[in-house]
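J.:
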Amino acid sequence: MIESTGIARCKYWYLLTMFFHFLWRYQLSYPLT
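Under the numbering used here, the very last position in the sequence shown is 119; numbers go up by exactly one each time.
1. Roughly how many angstroms separate the alpha carbons of R111 and C96, rounded to a whole number?
2. What would DSSP say about Y116, mapped onto helix, strand or coil?
3. Measuring straight from C-alpha to C-alpha, what distance separates Q113 and F106?
4. State the Cα-Cα distance for the pair T91 and S115, rounded to the nearest angstrom.
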């Protein structure tokens with residue numbers, strides 16, 4: 087159970103970081119200002 091939850095948490099943080107990275111690159115490509 088602990089290992090499975092750890093993997094799920096890693097996947098969650100991986101998706102979260104990928105999302106913010108994509109958002110950051112999108113901001114660089116198309117700045118709001």
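Beta carbons are placed, not taken as given, at the ideal position from N, Cα and C, and that holds for glycine.
T.: Straight from the coordinates:
1. 22 angstroms
2. coil
3. 10 angstroms
4. 36 angstroms
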